[in-house]
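Okay, so here's the structure we're looking at.
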Amino acid sequence: MVLDTNVWVSALIWGGKPAEVVKAAEDRRLRIFISEEIVGEISRVLEYPKLKQAYLGGGLGRRDLMEAVLKVCRFVKVTKKVNIVEEHPADNKFIECALAAHADYLVSGDKHLIKVARHEDIDIVSVGAFTDILATLRN
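If you read the sequence shown in the UniProt record's numbering, its first letter stands for residue 1, the second for the next number, and so on.
This is the structure in C-alpha coordinates:
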(Lines of atoms letter the chains of each structure in order from A; the text may use other names.)
(Lines give C-alpha, C1' and ligand atoms only; values in the text may rest on other atoms or scores of the structure.)
Protein backbone atom coordinates (compact mmCIF):
# COMPACT_ATOMS: atom_id res chain seq x y z
CA MET A 1 0.00 0.00 0.00
CA VAL A 2 0.93 3.65 -0.37
CA LEU A 3 -0.04 6.47 1.99
CA ASP A 4 -0.40 10.05 0.85
CA THR A 5 1.17 12.96 2.71
CA ASN A 6 -2.08 13.85 4.50
CA VAL A 7 -2.21 10.39 6.03
CA TRP A 8 1.46 10.43 7.04
CA VAL A 9 1.24 13.84 8.71
CA SER A 10 -1.92 12.87 10.58
CA ALA A 11 -0.38 9.59 11.74
CA LEU A 12 2.84 11.24 12.89
CA ILE A 13 1.38 14.25 14.66
CA TRP A 14 -2.19 13.49 15.70
CA GLY A 15 -2.46 9.69 15.76
CA GLY A 16 -5.94 8.22 15.40
CA LYS A 17 -6.91 6.02 12.47
CA PRO A 18 -3.92 7.06 10.33
CA ALA A 19 -1.61 5.92 13.13
CA GLU A 20 -3.46 2.57 13.23
CA VAL A 21 -2.54 2.03 9.59
CA VAL A 22 1.13 2.79 10.25
CA LYS A 23 1.05 0.54 13.34
CA ALA A 24 -0.16 -2.35 11.15
CA ALA A 25 2.99 -1.87 9.06
CA GLU A 26 5.16 -1.75 12.18
CA ASP A 27 3.55 -5.03 13.27
CA ARG A 28 4.37 -6.43 9.81
CA ARG A 29 0.71 -7.02 8.94
CA LEU A 30 1.10 -4.96 5.78
CA ARG A 31 3.77 -3.20 3.73
CA ILE A 32 3.93 0.50 3.01
CA PHE A 33 5.78 1.63 -0.09
CA ILE A 34 7.24 5.07 -0.67
CA SER A 35 9.15 6.93 -3.38
CA GLU A 36 11.82 9.63 -3.20
CA GLU A 37 9.29 12.19 -4.38
CA ILE A 38 6.85 11.32 -1.57
CA VAL A 39 9.62 11.48 1.03
CA GLY A 40 10.53 14.94 -0.25
CA GLU A 41 6.94 16.13 0.00
CA ILE A 42 6.48 14.80 3.55
CA SER A 43 9.73 16.45 4.64
CA ARG A 44 8.70 19.75 3.05
CA VAL A 45 5.19 19.71 4.54
CA LEU A 46 6.59 19.04 8.01
CA GLU A 47 8.27 22.45 7.76
CA TYR A 48 4.91 24.25 7.62
CA PRO A 49 4.80 26.52 10.70
CA LYS A 50 1.49 25.15 12.09
CA LEU A 51 2.67 21.56 11.82
CA LYS A 52 6.11 22.37 13.16
CA GLN A 53 4.52 23.97 16.21
CA ALA A 54 2.39 20.84 16.77
CA TYR A 55 5.23 18.32 16.72
CA LEU A 56 7.86 20.48 18.39
CA GLY A 57 5.38 21.00 21.23
CA GLY A 58 5.30 17.22 21.58
CA GLY A 59 9.08 17.09 21.94
CA LEU A 60 9.75 15.68 18.48
CA GLY A 61 11.88 17.02 15.66
CA ARG A 62 11.35 16.72 11.91
CA ARG A 63 14.23 14.27 11.75
CA ASP A 64 12.52 12.00 14.32
CA LEU A 65 9.33 12.02 12.28
CA MET A 66 11.13 11.29 9.00
CA GLU A 67 13.01 8.41 10.63
CA ALA A 68 9.67 6.99 11.78
CA VAL A 69 8.40 7.14 8.19
CA LEU A 70 11.49 5.54 6.68
CA LYS A 71 11.60 2.79 9.31
CA VAL A 72 8.31 1.26 8.16
CA CYS A 73 8.54 1.82 4.41
CA ARG A 74 10.04 0.05 1.44
CA PHE A 75 11.41 2.29 -1.27
CA VAL A 76 10.33 1.85 -4.87
CA LYS A 77 11.71 3.48 -7.97
CA VAL A 78 9.01 5.14 -10.02
CA THR A 79 9.46 4.30 -13.68
CA LYS A 80 6.11 5.32 -15.14
CA LYS A 81 4.63 8.82 -15.01
CA VAL A 82 0.84 9.19 -15.17
CA ASN A 83 -1.64 12.03 -15.50
CA ILE A 84 -4.70 10.61 -13.76
CA VAL A 85 -5.41 13.46 -11.33
CA GLU A 86 -5.76 16.33 -13.77
CA GLU A 87 -7.20 18.81 -11.21
CA HIS A 88 -4.12 18.43 -9.01
CA PRO A 89 -1.21 16.89 -10.96
CA ALA A 90 1.06 16.82 -7.88
CA ASP A 91 -1.12 13.98 -6.54
CA ASN A 92 -0.09 11.72 -9.42
CA LYS A 93 3.12 10.86 -7.55
CA PHE A 94 1.10 8.65 -5.18
CA ILE A 95 -0.48 6.68 -8.02
CA GLU A 96 2.94 6.37 -9.68
CA CYS A 97 4.41 4.95 -6.48
CA ALA A 98 1.51 2.53 -6.07
CA LEU A 99 1.94 1.34 -9.66
CA ALA A 100 5.70 0.83 -9.21
CA ALA A 101 5.07 -1.13 -6.00
CA HIS A 102 2.21 -3.18 -7.45
CA ALA A 103 0.28 -2.00 -4.39
CA ASP A 104 -3.31 -3.03 -3.80
CA TYR A 105 -4.25 0.18 -1.98
CA LEU A 106 -3.52 3.87 -1.95
CA VAL A 107 -4.79 5.35 1.32
CA SER A 108 -5.52 9.04 1.04
CA GLY A 109 -7.03 12.02 2.77
CA ASP A 110 -7.09 13.98 -0.47
CA LYS A 111 -10.40 14.59 -2.25
CA HIS A 112 -8.77 14.57 -5.70
CA LEU A 113 -7.31 11.11 -5.16
CA ILE A 114 -10.40 9.70 -3.42
CA LYS A 115 -12.47 10.82 -6.41
CA VAL A 116 -10.36 8.60 -8.71
CA ALA A 117 -11.42 5.58 -6.56
CA ARG A 118 -9.54 2.98 -8.62
CA HIS A 119 -6.71 2.95 -11.12
CA GLU A 120 -5.65 -0.30 -12.73
CA ASP A 121 -5.49 -2.74 -9.78
CA ILE A 122 -5.15 -0.06 -7.10
CA ASP A 123 -8.08 0.82 -4.85
CA ILE A 124 -7.84 4.43 -3.67
CA VAL A 125 -9.58 4.68 -0.32
CA SER A 126 -9.92 6.95 2.70
CA VAL A 127 -8.25 6.14 6.00
CA GLY A 128 -11.63 5.23 7.50
CA ALA A 129 -12.40 2.82 4.68
CA PHE A 130 -8.97 1.23 4.98
CA THR A 131 -9.20 0.75 8.75
CA ASP A 132 -12.51 -1.04 8.11
CA ILE A 133 -10.69 -3.30 5.64
CA LEU A 134 -7.94 -3.91 8.22
CA ALA A 135 -10.56 -4.88 10.80
CA THR A 136 -11.99 -7.55 8.47
CA LEU A 137 -8.49 -8.92 7.85
CA ARG A 138 -7.93 -9.35 11.59
CA ASN A 139 -11.02 -11.54 11.91
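Backbone N, C-alpha and C define an ideal beta-carbon position, used for all residues, glycine too.
Can you look up Ile84 in the DSSP assignment and give me helix, strand or coil?
The count along the sequence shown starts at 1 and reaches residue 84 at position 84. Ile84 falls in the coil class under three-state DSSP.
Applying the criterion that 16 or more other CB atoms from any shown protein chain within 10 Å of the CB defines a buried residue, is Trp8 buried or exposed?
As a first step, residue 8 must be located in the sequence shown, where it is residue number 8. It is buried - the Cβ of Trp8 has at least 16 other Cβ atoms within 10 Å.
Coarse secondary structure for Leu70, derived from DSSP in three states:
For the purposes of this step, residue 70 is identified with residue 70 of the sequence shown, where counting begins at 1. Reduced to three states, the DSSP call for Leu70 is helix.
Round the Cβ separation of Val2 and Phe94 to the nearest angstrom and send it over; I've been treating them as touching at under 8 angstroms.
The sequence position of residue 2 within the sequence shown is 2, counting from 1. The sequence position of residue 94 within the sequence shown is 94, counting from 1. The C-beta separation of Val2 from Phe94 comes to about 6 angstroms, placing the pair in contact by the 8 angstroms criterion.
Whole angstroms are fine: how far does the CA of Leu60 sit from the CA of Ile124?
The sequence position of residue 124 within the sequence shown is 124, counting from 1. The sequence position of residue 60 within the sequence shown is 60, counting from 1. If you draw a straight line from the Cα of Ile124 to the Cα of Leu60, it is about 30 angstroms long.
Under 9 angstroms, do Arg31 and Leu134 count as touching if we go by C-beta distance?
Walking along the sequence shown from the start, residue 31 turns up at place 31. Walking along the sequence shown from the start, residue 134 turns up at place 134. No.
Counted within 10 angstroms of its Cβ, other Cβ atoms place Val85 as buried (16 or more) or exposed
Looking up residue 85 in the sequence shown gives position 85. By the neighbour-count rule (16 or more Cβ atoms within 10 Å), Val85 is buried.
Specify the secondary structure class of Arg31 as computed by DSSP and reduced to three states.
Numbered from 1 along the sequence shown, position 31 holds the residue referred to as residue 31. The three-state reading of DSSP puts Arg31 in coil, since its state is none of H, G, I, E or B.
What is the residue span of the alpha helix (DSSP H) that Val7 lies within?
Working through the sequence shown from its first residue, we reach residue 7 at position 7. Judged by DSSP secondary structure, Val7 falls within the alpha helix (DSSP H) whose first and last residues are Thr5 to Val9.
Go through its chain and collect everything with a Cβ distance to Gly128's Cβ below 8 angstroms, but skip five positions before and after it.
Position 128 of the sequence shown holds residue 128. Take Gly128, set aside five residues on each side of it, and the residues of its chain with a beta-carbon closer than 8 angstroms to its own are Lys17, in chain order.
Proximity to Ile114 [Cα-Cα], best of Ser126, Ala25, Glu120 and Ala103:
Start at 1 with the first residue of the sequence shown, and residue 114 comes out as number 114. Considering only alpha carbons, the answer is Ser126.
Report the rounded CA-to-CA distance for Val39 versus Asp27, giving the unit in angstroms.
Along the sequence shown, read from residue 1 onward, the residue named residue 39 stands at position 39. Along the sequence shown, read from residue 1 onward, the residue named residue 27 stands at position 27. Taking the straight line joining both Cα atoms gives about 21 angstroms.
Quickly, what does DSSP pair Ile124 with across the bridge? List them, please.
On the sequence shown, position 124 is the one that residue 124 refers to. Answer by DSSP bridge pairing, in chain order: Leu106.
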